[in-house]
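Trainee: I am attaching a structure below and will ask some questions about it afterwards.
Next comes the structure, spelled out in structure tokens:
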């Protein structure tokens, strides 16, 4: 039987994935961004790194067959299926500063605090938490080099991206709490992680 966790809207969750297993990141109701983080289960100071992925791939667009790497350039995941084809490797997670400076709001849930809560037992200082791969986020690069921002995700209900683990991993997701621009559609919804044998 597959192992799974439901990540409730605006919150975080995590799941263990063994080398060779497959992780499905499922957009339960559609249009929901999943800020995705992952850590080497044997050494949580080695994590999925978007900057190293961009350097290894030499692009910012993800394709089936791409290998996602850690800050040490070790292979962590291979993308084996993708229903959406629109993801982001450039934006940091939303955090309290973003909501305060951008919207004048305090105490709004955020992807960075979701990550901090979800891996509190790891002992990683908040200031050193990594940036995510933002699955299902619609931020295309415009002809003048700028990013488009604020448009809803293209993901439909049940859409997924499927990753094969190339090492033992602890995967973390945040069902993005951003509700002040329509990036997550007209309401926040859940993300499901499903782990099954490859």
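Numbering (the numbering used here), first residue to last: 214 to 411. Every residue, glycine too, gets a C-beta built ideally from N, C-alpha and C. Computed from a predicted model, the values in this text were never measured in an experiment.
With a threshold of 8 Å on Cβ separation, who are the neighbours of residue 375 within its own chain once the five nearest residues in sequence on each side are excluded?
Mentor: 235, 236, 237, 238, 292, 293, 294, 295
Trainee: Three or more C-beta pairs closer than 8 Å, one from the stretch 356–373 and one from the stretch 322–339: is that the case here?
Mentor: no
Trainee: To the nearest angstrom, how far is it from the Cα of residue 268 to the Cα of residue 285?
Mentor: 12 Å
Trainee: For residue 248, does the three-state DSSP call read helix, strand or coil?
Mentor: DSSP places residue 248 in strand when its eight states are reduced to three.
Trainee: CA-CA distance, residue 299 and residue 354?
Mentor: 11 Å
Trainee: Count the other CB atoms within 10 Å of the CB of residue 232; is the residue buried (16 or more) or exposed (fewer)?
Mentor: exposed
Trainee: So is residue 227 buried or exposed if we call it buried at 16+ other beta carbons inside 10 Å?
Mentor: The residue is buried, with at least 16 neighbouring Cβ atoms inside 10 Å.
Trainee: Which word fits residue 404, buried or exposed, when buried means at least 16 other C-beta atoms lie within 10 angstroms of its C-beta?
Mentor: buried
Trainee: Leaving aside the five residues before and after residue 344 along the sequence, list all residues of the same chain whose C-beta is less than 6 Å from its C-beta, in chain order.
Mentor: Result list for residue 344: 263, 305, in chain order.
Trainee: At the level of alpha carbons, what is the spacing between residue 282 and residue 341?
Mentor: 18 Å
Trainee: DSSP on residue 344, reduced to helix/strand/coil?
Mentor: coil
Trainee: For the stretch 268–277 against the stretch 248–257, do three or more pairs of beta-carbon atoms, one drawn from each stretch, fall closer than 8 Å, so that the two count as touching?
Mentor: The stretch 268–277 is not in contact with the stretch 248–257.
Trainee: Exposed or buried, what is residue 319 when buried is set at 16 or more other beta-carbons lying within 10 Å of its beta-carbon?
Mentor: Label assigned to residue 319: exposed.
Trainee: Using alpha carbons as the reference points, say which of 217, 390, 386 lies closest to residue 261.
Mentor: 386
Trainee: Kindly identify the DSSP beta-bridge partner or partners of residue 406.
Mentor: 218, 238.
Trainee: So, using beta-carbon positions, are residue 323 and residue 309 closer together than 9 Å?
Mentor: yes
Trainee: Helix, strand or coil: how does DSSP classify residue 334 here?
Mentor: helix
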